[in-house]
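Per UniProt numbering, the sequence shown starts with residue 1, numbered consecutively. Positions of the beta carbon are idealized from the N, C-alpha and C atoms, including for glycine. So the structure is just underneath, and the comments pick up after that.
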Amino acid sequence: MWISTFDNLIASRANTAAEKLNLLSQHLEGEPLTMISGYLLMQDSVAYDKARKKLHYWYGGDAVISRAFLGKLENWPKINGRDSAGLKRLSNFLDEICAAKGSIHDLGILDYPQENYKIIAKLPLYIESKWRTVIMKYNNNEGHFPSFEVFAKFIAERAEEANIPTFDCHANETVSYQYQRSSNKKSCATYSQSLSLATYAREIMNLWSASNSSRRRLTIELSGFKNGDFVLDALSRVIDPSFVRIA
């Protein structure tokens with residue numbers, strides 16, 4: 001993609017092959033620069049054309065570009081429910097892939113469900129749950145799995161939701177649920193923190209479902225937990241973390 005930028009640059013700044021070669025060398029470093037260093041001594045149009053072809057063969061071919069995209073996507077770190085910035089970065093990268101996918105045939109592999117699952121596995125469960133709903137609608141209405149472009153748009157919408165700077169919350173739109181952990185040390189000692197979380201998770205999910213069906217905003221306020229971050233992280237795996245706060 002840098003080739004297009006470079007072509008625009010030389011169109012306005014370079015007239016001769018020698019000038020083009022000099023500009024080309026200024027925009028390269030490392031192995032690519034070493035690869036064409038011999039052509040820089042020749043300073044003619046033949047040398048410039050050969051340098052461009054060599055760079056395109058090793059760094060600009062469709063197979064090379066697709067491997068770079070797929071490799072970066074495969075190694076993308078997992079995103080937890082509270083990482084709104086990480087979700088936005090992923091969305092931006094998926095948009096880059098969409099822009100290249102139309103002209104690079106090998107990226108069509110991303111339309112397959114098994115490749116989609118590899119990406120979903122890196123996302124919070126609440127996003128996976130919403131995506132499953134989209135898949136069901138596409139299977140029922142279109143008769144096939146949604147394309148990578150549809151998935152990229154879906155992630156862009158989730159990223160936009162996660163990065164809203166302020167929430168317009170009104171008292172009559174909020175259903176609050178507070179869980180107060182018992183102060184009785186003996187009774188608490190018989191339950192692990194994760195087991196205690198499981199004992200009221202069903203009630204929270206019922207409230208969450210009722211909130212969604214009535215289009216009301218649900219705020220879950222947790223208090224009395226010594227390790228609030230642990231609880232918030234656990235809940236963020238099943239519901240949208242923007243609706244949870246630790247008191």
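Distance between residue j and residue i (C-alpha atoms, nearest Å)
i: Y59; j: L70; result: 15 Å
i: K130; j: K137; result: 11 Å
i: R132; j: V64; result: 32 Å
i: A159; j: E149; result: 15 Å
i: A17; j: M42; result: 10 Å
i: S192; j: E115; result: Here S192 scores only 37 on pLDDT, less than 50, and its place in the model is too uncertain to base an answer on.
i: L107; j: S25; result: 30 Å
i: N139; j: P165; result: 35 Å
i: C98; j: V46; result: 35 Å
i: A100; j: K53; result: 20 Å
i: I135; j: F145; result: 6 Å
i: M35; j: L28; result: 10 Å
Beta-carbon gap between residue i and residue j smaller than 7 Å
i: L23; j: L40; result: no
i: A162; j: S84; result: yes
i: residue 280; j: I120; result: This structure leaves residue 280 out entirely; the chain is present only between 1 and 247.
i: G86; j: P124; result: no
i: D62; j: I109; result: no
Residue burial classification, residue i (beta-carbon count within 10 angstroms, cutoff 16)
i: N15; result: exposed
i: Y112; result: exposed
i: Y48; result: buried
i: Y57; result: exposed
i: R13; result: exposed
i: S66; result: buried
i: I79; result: buried
i: A68; result: exposed
Does the segment 141–157 come close enough to the segment 88–107 to have 3 or more Cβ pairs within less than 8 Å?
-> yes
Runs of beta strand (DSSP E) lying entirely within the segment 25–108, each at least 3 residues, in chain order:
none
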